[in-house]
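What follows is a single structure, written as structure tokens, with notes after it.
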Amino acid sequence: QGVRLTRTYGDSFPEAYKEDYPARTGAVDVGRTEALLDRAGADGEAISLSFYQPMDCAPGEARLKFYRIGPPLSLSRVLPMLSTMGVEVVDERPYELTGLPRPTYLYDFGLRHSRPIPAQVRELFQDAVAAVWHGLNEADGFNALVLAAGLTWRQATVLRAYAKYMRQGGTPFAQDYIEGALRGNVDITRYLVDYFEARFDPAEKDPQARAERTSALERSILRALEDVVSLDHDRILRSYLTIMGATLRTNYFQPAAGSNGPKPYISLKLEPSAIPDLPQPRPRFEIFVYSPRVEGVHLRFGAVARGGLRWSDRRDDFRTEVLGLVKAQMVKNAVIVPVGAKGGFFCKQLPDSSDRAAWLAEGVACYRTFISGLLDITDNLLEGTTVPPPDVVRHDGDDSYLVVAADKGTATFSDIANALAKDYGFWLGDAFASGGSVGYDHKAMGITARGAWESVKRHFREMGIDCQSEDVTCVGVGDMSGDVFGNGMLLSEHLKLVAAFDHRDIFLDPDPDPAVSWQERKRLFDLPRSSWQDYDKALISEGGGVWPRSAKSIPVAEPVRRALGLSPDVQRLTPAELMRAVLLADVDLLWNGGIGTYVKASSETHGDAGDKANDAIRVDGAELRCRAVGEGGNLGLTQRGRIEYAVAGCGGTGGRINTDFIDNSAGVDTSDHEVNIKILLDRAVRDGDLTLKQRNTLLASMTDDVARLVLRDNYEQNVALASAVLQAPQLLHVQEDWMRRLEKQGLLNRELEFLPSKKEVAARLERGGGLTAPELAVLLAYTKIALADELLTTELPDDPFLRLDLREYFPERMQQDYEPQMAAHPLRREIVVTQVVNDLVNGAGITYFHRLSGETGASAEELVRANFVAREIFGSRAFVDTVYSYDNRIDSETQLRMRVDMRTLVERASRWLVSNRRPPLDSEGTVENFRPGVEKLLESLPELLTGRTLTAFEARRARLNARGVPEELAVRAAVLTPAYALLTIVEIAQRSGGEADALEVGRLHFALGERLMTSSLVERIVALPRDDRWQTMARAALRDDLQAVHGALTGQVLESTDASLTVPERIAAWEERNRVLVERAVGTLEQICADDEADLARMSVGLRVVRKLAAVP
């Protein structure tokens, strides 16, 4: 061995080396070089370090040797690396070893530290520098803590990760200032590291010992903080303690796969509500992933939450970007099982984008790191049992639901995420990331655009236009290669797309032929990677064309001026001016299918829009002249911009618009169905009832069925919003009360959601205004969120009566064959609650729960159960479906009025059930008890009515006939107002022990009401003002009390008269026995009802008069 080494290295060291070092040192360096040659990687490169202090050096001096196999070191790389360790490089001795099989170098750097160098830091220093060299550690001031505080580089990395998180959370302190605070208070710095390790070291198995250790360390830190002089340092160090205390889990102690070394990234799961310095809103859970290559954050607003992961380009504030997106995701997800979540990651070492392959490869690698960081600290679920992740101490409960989706930059990454989930053995399998190769392709389905198009159709329907059969003009943002824009512009062959732009080109076709232009758009959509430049110019109408956005100016011909509503003197425009003109075009529809924010409010700055790239073309909501806006894309308008357009757009009359989270919710809805279907079918696969191939075939075959379910949700939400807008002025005071209640519960922040303040609400009440559609959309979503949270804690999801709601969540072909698996679905309760809440709020309205809980004191569970029972009893669903079937044949307002009439009936019946049945309501039993009698009475009701009630019914039917409602439907709708009495009638008939037929009781009930003028009194009560909560409650109480007294009188007549008599004879016989009281009562009621002016006092007197009659034995 000695001979070989002498032969190899005898002449390799330069003379300068021999002069600088003794032979003993040379022997050591040969040994290190030999060992390094054996460790060289596939690229033939390797490096080794030796940190030492010569015998004659000063206490603050040391030297560091680099042993290098491969190309020579670059000082520009090494010197910054060493300076971040807190040392000054005072000299360098480079040596090249010659005659060796590979290029070999030795460098010896002289180092100086401001303080004496501790004896025990040799390995720590070497490891820290090596970690930076190998990309496991960043070169910044945190590395100085190795010498200053005696930390390992991994311990310093923990502090760096928290600092990075603080920066994303909006701390005012720069990173170098945070580094300085830690270096200036090394005792506290060591305490903080000890505190972190005490909380999360899995080697400590005793929870009590862990708690005592962390409490003792916390006390020590707080005592030490009292001696910190700098207020800023105090704030920084306290922030560390707070955030570490709010950390629930970490992968810090997990070894890298296949080694005992650490993972090259750190994951921290946090509880944001325990971190007061974070901006609002604060999610329930947050995972921050840190590594030198990538940083990312995942925000979840509930245990069961989902949302996309985006590849962010915002290094310094990607959390702010994600937080803004998750706000929209929260309200968007109100229609699906999970609540809102969103994630984003920033790649810190991307190569130049000119090398597309390398650039994408680095992005994928960062995405894989981010996903791994999430999965590392997420529980698994095996055979229904929660399995915690290895080497992770949990300071929270079980948490196994983690679902992600594609977003900006990650559209094709779902298979990557699912492959990682498979590697981890994660229970969701390929349901972890929806939209993969075995999943629903949103672009192929066109589902996001189709969902948004339901909103567009609703907007035009309310204007009396069928956009599927009548030509409508349109401008848009996007191009035909895009999912949302491309699919959207193919959803009606009557679209006249006169102008559009994307990030490359501006398209103008001032007078298009709808059929020809549709075919050409279809060709572009089918063409891979098409742009507007691919549009056949021969098919473009006179004056139109396609121009690049890079053009200096663009000619504007007369047809274009006419189509866009420009003044005659406009001859040329810059691209930015032309795009503004497109946005402001006087057309029927503005369709947003692109990326960017193009409309703000006049009260907002461009900075408020948060999209600097489009500052030059952004317009104000009040300036928009289009009649309606369809938001296929996200964030196309600010919320204030939407509100301004709804109030003052379209020439000052207000335009039709919802919000992006209403319009484009079909995408998340489809993904949610995919995830829950896969969860169910994967259990069948595990049980051997289905092969994986059969599962995939079944999934694909149900694509259209899933689309129908999703689009039904979009349709229903649009109808719910339209109904809310119809009643907005009348219900504003109730909505204000509901917003206050949500605020008190900590569920709503008006300022964050751009809902009107109490002062603004008062001003709107004064002028008879209401909430706009965008505002109502937010309140609709928060109502669903609040109800879902409350109902999940009750027994309602377990009510057998709601089995149908669980089944109807899934495609029809699964409902028979997989019913047992549905009952065992791990998210069964969540699915039921989602179905119920959507159905309730869409059908009963935004304020149903708030109003009735205030009026009756009943819980959400009781009111929801009562509402669903009432719907079944009165056949609400079949009636509403019939009304929907007349879209574009009956005007929209008439349809909405009929729907509201059924809703009012169901609400009154719900109140009756809550007031007359003890909780918990036997749902199935109550339906079986009442439905047959109610169905029979409803069918015969026109024949049972008499007098003023009959006249009112006939007037309602005539009005409906005049509006084009077919006779059968008009009759069904016209009887809804008096049908509230049917529950009382059926109950009276049942109490008679079968002696009285329900029809006969009904005939008697309505005839008696006419004789005693209770029908007139009801009309006066209904006409009472509802200007505040108390007036509304008083009105409802009067109406319900009068109905109860009316029922009691009907029962009296039945019990006290001969059943063989006719109805008029029975009433006459009863009246004869109570002549004085009846005449006195009728006389008083005639006086009360003779005056058209109704007030609470007179109505109360009228009720008291009738009640006296009922009190007579």
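First residue of the sequence shown: 427, per my numbering; consecutive thereafter.
Ideal placement from N, C-alpha and C gives every residue a C-beta, glycine not left out.
Cβ-based burial, residue i [other Cβ within 10 Å; buried from 16]
i	result
alanine 1407	buried
methionine 481	exposed
tyrosine 478	exposed
histidine 539	buried
histidine 1550	In this structure the chain extends from 427 to 1539, so residue 1550 is not present and cannot be described.
leucine 550	buried
tryptophan 1456	exposed
glycine 865	buried
aspartate 1307	exposed
glutamine 997	exposed
glutamate 880	buried
serine 1311	exposed
asparagine 1342	exposed
glycine 1077	exposed
Same chain only: Cβ atoms within 7 angstroms of residue i, ignoring 5 sequence neighbours per side
i	result
glutamine 959	Asp931, Val972
leucine 1191	Leu1158, His1159
arginine 1334	Tyr1406
aspartate 962	Glu946
valine 1013	Thr899, Cys900, Val901, Val924, Cys1052
valine 1531	Ala1507, Thr1510, Leu1511
alanine 731	Pro764, Val765, Gly766, Ala767
glutamine 706	Asn1175, Leu1178
As assigned by DSSP and simplified to three states, the class of residue i
i	result
proline 777	coil
arginine 1382	helix
leucine 1181	coil
alanine 731	strand
proline 1451	coil
leucine 981	One point to set straight first is that residue 981 is proline, not leucine, in the sequence displayed. Looking at proline 981 - three-state DSSP - the assignment turns out to be strand.
threonine 811	strand
aspartate 517	strand
glycine 1056	strand
phenylalanine 927	strand
alanine 767	strand
proline 542	coil
leucine 921	strand
valine 572	helix
threonine 673	strand
serine 738	strand
valine 1391	coil
tyrosine 591	helix
tyrosine 1141	helix
glutamate 471	coil
arginine 1398	helix
lysine 695	strand
glycine 1473	helix
tryptophan 973	strand
alanine 1422	coil
Residues of its chain near residue i, where Cβ-Cβ distance is below 6 angstroms and the 5 sequence neighbours each way are ignored
i	result
alanine 760	Ala1207, Lys1210, Ile1211
phenylalanine 886	Cys893
aspartate 375	There is simply no residue 375 to check, as the chain begins at 427 and stops at 1539 in what is shown.
Own chain residues within Cβ distance below 8 angstroms of residue i, not counting five before or after
i	result
glycine 436	none
proline 506	Ala565
Bridge partners - residue i, DSSP secondary structure assignment
i	result
glutamate 522	Tyr531
phenylalanine 490	For the sequence presented, residue 490 should be read as leucine rather than phenylalanine. Paired residues: Phe477, Phe535.
isoleucine 713	Lys695, His724
Residue ranges of each beta strand (DSSP E) within the segment 863-912, 3 or longer: 898-903
Curious, which full-length beta strand (DSSP E) runs of at least 3 residues does the segment 995-1051 contain? 1015-1018
At which residue ranges does the segment 1258-1337 contain complete alpha helix (DSSP H) runs of 4 or more residues, listed in the order of the chain? 1274-1282, 1286-1300, 1302-1310
Curious, which full-length alpha helix (DSSP H) runs of at least 4 residues does the segment 1108-1139 contain? 1118-1127
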